[in-house]
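For reference, the structure is listed below as structure tokens.
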């Protein structure tokens, strides 16, 4: 427990990852309302949309309308996702309200790289070289390597720590060629294969090789282990986590319809709060935003806190 961080940064991805997998279109106004409500909970990082091909991800056909329509709150970083130069150019149109940072996005599973990006790992490496050059052309620093399917893959099976390390090494090599310095690595449990022991082994393998890198976790609750996996990460001193309000979302290319989405932001915040780790979040306010998200999508979301409420609410009643 000595390695527990005193504070963690929670990056909310509900508006982006959450809405893209919903079967019906979510009104633009509802997306904007959720973004603005999230900003009032103490969250400081909110990913609001994806600038991707609307034929592949129709839920983000209105990315420009959302990016231009919300009211930014001072002190909150709003980010977006893109995978190619066209997407970056679309994001650059909102540089006055978005925090734009470059990332090298790879998959530890070659099979998932094909499913998600329509190109095998070798081709994706070349694509990331080109994308890094595009970022540099526009003055955007590339500081992060993201590893999708880091703990297992529905199409390829188990992913070993050695495969994670090799994927990170491939990303760092691209950055080095371009003269960029990577400070952060994100390990994503895209299809919910992670368990606490897989988290421990994967994080340890990366940290042993590159102790200077900040490691973040992007967790899914596909098999109900997201909170346990977050706990394992916290015990290892991980200080950045991606999550979604209410447990919205999931990867549309994971090949598992009906699976639970990302770790619920409010459940992650409760875990941290009860361990004495500061998040800066008003948990009761966040739970209400999760309930708002549930109303917007029109069906129950996985988060148990939307029904149970926070412990503090009951502590106040008992006092």
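In the working numbering, the protein residues as written are -6 to 312.
Even glycine gets a Cβ: it sits at the ideal position worked out from N, Cα and C.
For residue 136, there is no enclosing alpha helix (DSSP H); the residue is found in the beta strand (DSSP E) stretching over 135 to 141. For residue 158, same chain residues with a beta-carbon under 8 Å away, outside a window of 5 residues either side, are 198, 199 and 202 in chain order. CA-to-CA, the gap between residue 20 and residue 303 works out to about 29 Å. Spatial neighbours of residue 269 in its own chain (CB-CB distance under 7 Å, excluding positions within 5 residues in sequence) are not present. In this structure residue 147 is buried. Its beta-carbon is surrounded by 16 or more other beta-carbon atoms within 10 angstroms. Boundaries of the beta strand (DSSP E) around residue 209: 207 to 211.
Note that the C-beta distance between residue 8 and residue 24 is below 8 Å.
Nearest to residue 58 by C-alpha distance, out of 87, 280, 222 and 255, is 87. Within the same chain, and ignoring the five residues on either side of residue 145 in sequence, the residues whose Cβ sits closer than 6 Å to its Cβ are 151, 152 and 186. Unbroken beta strand (DSSP E) runs of no fewer than 3 residues, entirely contained in the segment 32 to 120, are found at 38 to 44, 70 to 75 and 95 to 100, following chain order. One Cα belongs to residue 10, the other to residue 52, and the distance between them is close to 10 Å. In the DSSP secondary-structure assignment, residue 146 is bridged to 150.
Residue 28 is classed as buried because its beta carbon has at least 16 other beta carbons within 10 Å across all chains shown. Within the same chain, Cβ atoms closer than 6 Å to the Cβ of residue 38 are found at 4 and 70, the five residues on either side in sequence being excluded. Comparing alpha-carbon positions, the option among 81, 140, 213 and 209 lying closest to residue 232 turns out to be 209. Going by beta carbons, residue 98 and residue 121 fall inside the 8 Å limit. For residue 233, the enclosing beta strand (DSSP E) starts and ends at 233 to 236.
In this structure, residue 65 lies near residue 90, with their beta-carbon atoms less than 8 Å apart. For residue 298 against residue 259, the beta-carbon gap comes to about 5 Å, under 8 Å, which counts as contact. In this structure, the beta-carbon distance from residue 206 to residue 176 falls below 8 Å. In the three-state scheme derived from DSSP, where H, G and I count as helix and E and B as strand, residue 5 is classed as strand. Pairing residue 283 with residue 238, the inter-Cα distance amounts to about 5 Å. In the DSSP assignment, residue 277 falls within the alpha helix (DSSP H) that extends over 276 to 290. Residue pairing from DSSP places residue 180 in a beta bridge opposite 140 and 210.
Secondary structure note for residue 267: its alpha helix (DSSP H) is the uninterrupted segment 258 to 267. Under the 10 Å beta carbon count, residue 111 is surrounded by fewer than 16 other beta carbons and is classified as exposed.
In this structure, the straight-line span from the alpha carbon of residue 131 to that of residue 108 is close to 29 Å.
The shortest CA-to-CA distance from residue 41 to any of 0, 93 and 135 is the one to 93. CA-to-CA, the gap between residue 133 and residue 45 works out to about 19 Å. In the three-state scheme derived from DSSP, where H, G and I count as helix and E and B as strand, residue 163 is classed as helix. The beta carbon of residue 234 is closer than 8 Å to those of 1, 2, 3, 4, 209, 210, 211, 212, 223, 226, 256 and 261 in its chain, skipping five residues each way along the sequence.
A straight-line Cα-Cα distance of about 41 Å links residue 117 and residue 278.
The C-beta distance from residue 294 to residue 287 rounds to 5 Å, short enough to meet the 8 Å contact threshold.
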